[in-house]
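Please read the structure below before turning to the comments.
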Amino acid sequence: MLPTFRYTRNLFLRCLCLVYLFAFISFYIQIPGLYGDNGILPARSLLENSKHKTLSAKIHYQPTLLWLAPYLGLDINYALDVLSLLGSFLAFTGFVSQKMCTLPLFAGLWSLYFSLYQVGQVFVAFNYDDLLLEVGFIALLVAPVLPGKRSPKGSPKDGIRLWLLKWLLFRYLVTSGLSKLISGCPRWWNLTALSYHFQSMPLPSPLSWYAHHIPDWILKLTQVYVNVAEIALPFLFFVPLRSVRITGFVFQIFLQICIVLTGNFNFSNLLIVTLLISLLDDQFFYGKKKSSEISYLGNIANILIHGALFYGVVTLYSLKIEGSIVESKIAFTKDHFEVALSLGISFALYYGLSTLALTILACFANILFDNRSLPQRLLDFIKTVFYSLIVLMIFFASTVPLTSLHSSNNSTVHPALRNTYNRLHKLRLINHYVLFPKMPGFEDRFEIILEGSNSVEGPWEEYNFLYKPGNLNHSLPFVAPYSPRLDWQMYWAAYSTYDKQPWLLSLTHRLLLGTPDVLVLLDRHHSPFRRNRPKYIRGSLYQYKYTPWHHGSQSSWWTRTRQKEYFPSYSSDSPALTEYLKARNLIPTTPKDAPNPIWKQILDKIRYVASHLEATLLLWSVFTAGCAIISTSGKSK
């Protein structure tokens with residue numbers, strides 16, 4: 092008898108709704124400052140660049156629901172609000188009610204988020220947005236078409252659809268792990284990356300400082316664990332032994348908890364946990380036990396598999412106990428890794444295809460030997476064939492980014508397959524994921540500090556951001572699952588040049604104008620320019636380091652040294668600044684059409700209420716309200 096996945100599927104869908112909820116609210120909070128007419132990268136300016144006249148041509152040029160704004164009596168700014176609020180409402184509905192977790196709801200969520208993504212520009216150019224869209228697409232296959240009473244055993248095709256979630260999780264983890272070694276970054280190869288990671292990550296958490304000061308040998312062992320969890324353990328996701336999969340689930344959950352505690356990575360970790368649910372089955376939740384003999388044999392096989400894996404780790408990483416510490420180092424060479432990578436990718440593709448084939452055959456066998464009526468089994472057979480063909484198509488297209496990890500395999504990809512991948516990737520249905528292949532900060536981190544003054548001679552006073560390092564004495568907050576896109580992007584800009592960051596000079600221009608919508612994205616309570624905006628703003632590049640562990644009673648978390656001028660001082664009417672922004676259509680302009688006054692009044696009131704709550708507090712307040720509704724509805728039943 093095959094395992095059932097009805098509860099697993101339902102839990103996955105509700106957790107995905109929660110991720111969508113956090114994503115939409117995060118986007119909504121930042122719309123005026125990032126994408127409004129006076130924002131850093133106005134969405135209206137982006138859409139107005141289209142020279143197409145018809146609606147169909149515009150949608151083909153930039154597929155987003157924002158093109159419908161004029162037909163609804165809205166301008167682009169308020170249309171962004173409507174899409175975000177509607178997405179938040181749908182996600183909240185799915186989170187609190189399992190009956191609402193249907194295909195139409197997830198089609199709406201995906202369409203709304205993809206529409207926002209299309210105007211997100213540089214602020215959505217990250218793995219977690221792509222991953223949410225890809226998971227959201229698979230949810231269209233997992234979710235039931237309509238609400239209603241369903242079999243407690245679930246559907247025979249559940250195993251195929253959940254296999255696709257496991258395959259996405261496999262691809263995400265394996266490519267993320269392999270890319271670190273493929274990059275040749277010495278920090279990953281000598282197991283010292285974590286000695287710098289907690290100091291150089293984009294948005295450290297309050298515990299990052301403490302994690303940075305953990306003894307080096309423990310950090311090296313932790314990196315070994317990360318490598319194994321990302322590269323080796325995902326291959327066990329498809330083993331047909333539930334004890335093996337549950338063990339893998341525990342290992343991965345532990346890793347995600349550690350990441351959440353020591354860094355702010357938006358909603359990405361919650362999304363990974365949502366994918367990890369696919370490793371479980373209904374027996375895990377309901378506690379129904381199989382025969383003791385089968386369970387006993389499964390546990391023995393689980394011990395043997397992980398014992399063999401542990402032996403391989405000890406060998407490949409030269410783990411040795413030296414006194415009170417455990418020494419570790421990579422025992423294989425880069426040449427050995429190149430050979431293993433080529434063979435491993437080929438194995439992964441054949442392994443994935445074979446496990447999918449077995450899953451499909453098992454589903455057909457389950458239908459064949461089911462005791463239901465012939466018409467019901469025939470309907471299940473047709474549905475299973477349909478979903479099998481779709482999953483096979485997605486699988487073959489998803490092999491393109493996996494094979495691109497090694498040139499020898501990349502050259503063998505069929506052009507038709509690559510073309511299919513490119514078409515699906517354009518809609519972000521299949522993506523390529525790379526996480527920190529190289530440590531950007533090495534021994535320290537760089538931060539851009541914006542400084543304002545009323546004279547080019549100074550004195551210069553600095554702007555403070557809400558979530559990124561700045562003031563040496565300010566501890567960093569827990570931000571996730573909120574996504575502060577400006578703070579996140581400021582980190583990456585420090586490793587580039589200002590002329591390649593139009594949004595940064597646009598930000599500078601808005602601060603010189605004292606634009607309220609943009610100032611909201613910064614720390615207004617500790618700003619020296621709360622009453623009067625500065626006449627000049629410049630950018631300075633600072634080198635940041637954590638203070639030592641033995642800093643005694645000092646309140647400082649960081650030490651810093653000014654490195655150089657990142658960009659020169661500008662005034663609001665500097666010709667170089669205004670011409671640069673005009674060439675990129677980033678000068679604020681007045682909208683041509685006024686929105687419907689009723690729409691405007693309603694949306695302004697919602698914005699007014701939301702603006703009086705700190706972003707993370709708003710997210711957790713909505714989450715708490717949802718939990719209260721779930722608890723109340725559960726008791727009423």
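For the sequence shown, my numbering begins at 92 and goes up steadily by one.
Don't be surprised by glycine CBs; every beta carbon is placed ideally from N, CA and C.
Owing to the predicted nature of the structure, the values given are computational and were not obtained by experimental measurement.
Reduced DSSP secondary structure (H/G/I, E/B, other) of residue i
| i | result |
| --- | --- |
| Tyr618 | Correcting the residue identity first, residue 618 is Ser in this sequence and not Tyr. Reduced to three states, the DSSP call for Ser618 is coil. |
| Tyr408 | coil |
| Leu237 | coil |
| Tyr441 | helix |
| Trp690 | helix |
| Lys248 | coil |
| Leu518 | coil |
| Phe423 | coil |
| Leu222 | helix |
| Trp640 | coil |
| Arg624 | coil |
| Ile305 | coil |
| Glu705 | coil |
| Thr681 | coil |
| Pro123 | helix |
| Arg675 | coil |
| Val417 | strand |
| Ile131 | coil |
| Gly227 | helix |
| Thr669 | helix |
| Pro195 | helix |
| Pro277 | helix |
Cut-off 6 Å between Cβ atoms - residues of its own chain near residue i, not counting five sequence neighbours on either side
| i | result |
| --- | --- |
| Val213 | Trp594 |
| His303 | Phe289, Gln290, Tyr637 |
| Asn687 | Gly164 |
| Ser495 | Asn501 |
| Leu361 | Val110, Pro572 |
| Val482 | Ile251, Leu255 |
| Leu612 | Gly124, Leu577 |
Length of the line joining the Cα atoms of residue i and residue j
| i | j | result |
| --- | --- | --- |
| Leu518 | Ala216 | 14 Å |
| Ile368 | Val404 | 26 Å |
| Gly630 | Leu677 | 19 Å |
| Phe72 | Pro235 | Here the chain covers residues 92 to 728 and nothing more, so residue 72 does not appear. |
| Ala585 | Ala667 | 21 Å |
| Phe714 | Leu132 | 30 Å |
| Val491 | Thr638 | 45 Å |
| Thr313 | Leu285 | 8 Å |
| Ala488 | Asn318 | 26 Å |
| Asn393 | Ala439 | 21 Å |
| Asp471 | Ile458 | 7 Å |
| Leu78 | Tyr152 | Residue 78 lies beyond the range of the chain shown here (92 to 728); nothing can be said about it. |
| Gly178 | Trp300 | 36 Å |
| Thr650 | Asp128 | 38 Å |
| Ser566 | Ser296 | 8 Å |
| Leu157 | Ser141 | 13 Å |
| Ile150 | Gln209 | 11 Å |
| Trp201 | Asn522 | 15 Å |
| Trp551 | Lys271 | 40 Å |
| Leu174 | Leu207 | 8 Å |
| Thr283 | Leu310 | 7 Å |
Beta-carbon proximity list for residue i, same chain, < 8 Å, skipping 5 on both sides
| i | result |
| --- | --- |
| Asp172 | Tyr119, Ile122, Leu694, Ile697, Arg698 |
| Pro659 | Arg629 |
| Lys655 | Ser631, Leu632 |
Spatial neighbours of residue i in its chain, beta-carbon cut-off 7 Å, leaving aside the 5 residues before and after
| i | result |
| --- | --- |
| Gly130 | Pro123, Gly124, Asp608, Val609 |
| Ala320 | Phe342, Gln343, Leu346 |
| Trp279 | Lys271, Leu272 |
| Leu237 | Thr193 |
| Tyr671 | Leu596 |
| Tyr126 | Leu132, Pro133, Ala134, Leu171, Val210 |
TODO: Taking 8 Å as the threshold, find out whether the stretch 350–361 comes into contact with the stretch 276–296 through three or more Cβ pairs.
DONE: Contact between the stretch 350–361 and the stretch 276–296 is present, because at least three Cβ pairs lie under 8 Å.
- [ ] Could you tell me which uninterrupted alpha helix (DSSP H) segments, each at least 4 residues in length, are contained entirely in the stretch 542–603, listed from first to last along the chain?
- [x] With a minimum length of 4 residues, the continuous alpha helix (DSSP H) runs that stay inside the stretch 542–603 are 576–584.
TODO: Determine contact between the stretch 411–427 and the stretch 439–453, defined as no fewer than three beta-carbon pairs at a distance below 8 Å.
DONE: A contact between stretches requires three or more CB pairs, one per stretch, nearer than 8 Å, and the stretch 411–427 fails this requirement with the stretch 439–453.
Open item on the list: Tell me whether the stretch 187–198 and the stretch 218–233 touch, counting them as touching only if at least three CB pairs, one residue from each stretch, are closer than 8 Å.
Closed with: Touching, yes, given that three or more Cβ pairs across the two stretches are closer than 8 Å.
Open item on the list: Quick check for students: name the residue ranges of the beta strand (DSSP E) that lie wholly in the stretch 441–493, counting only runs of 3 or more.
Closed with: Runs of beta strand (DSSP E) with 3 or more residues, each lying fully within the stretch 441–493, are absent.
Task: Start-end ranges of the alpha helix (DSSP H) lying completely within the stretch 288–369, minimum 4 residues - done: Fully enclosed alpha helix (DSSP H) runs of no fewer than 4 residues occupy 299–303, 307–318, 333–353, 359–367 of the stretch 288–369, in order along the chain.
- [ ] Could you say if the stretch 262–269 and the stretch 504–513 meet the contact criterion of at least three C-beta pairs nearer than 8 Å?
- [x] A contact is defined here as three or more CB-CB pairs under 8 Å, and the stretch 262–269 fails this definition with respect to the stretch 504–513.
Open item on the list: Under 8 Å: do the stretch 328–342 and the stretch 249–265 share three or more Cβ pairs, one atom per stretch?
Closed with: Verdict: yes, contact present.
- [ ] Kindly provide the ranges of any beta strand (DSSP E) runs that are 3 or more residues long and lie completely inside the stretch 159–184, ordered along the chain.
- [x] Runs of the beta strand (DSSP E) inside the stretch 159–184: none found.
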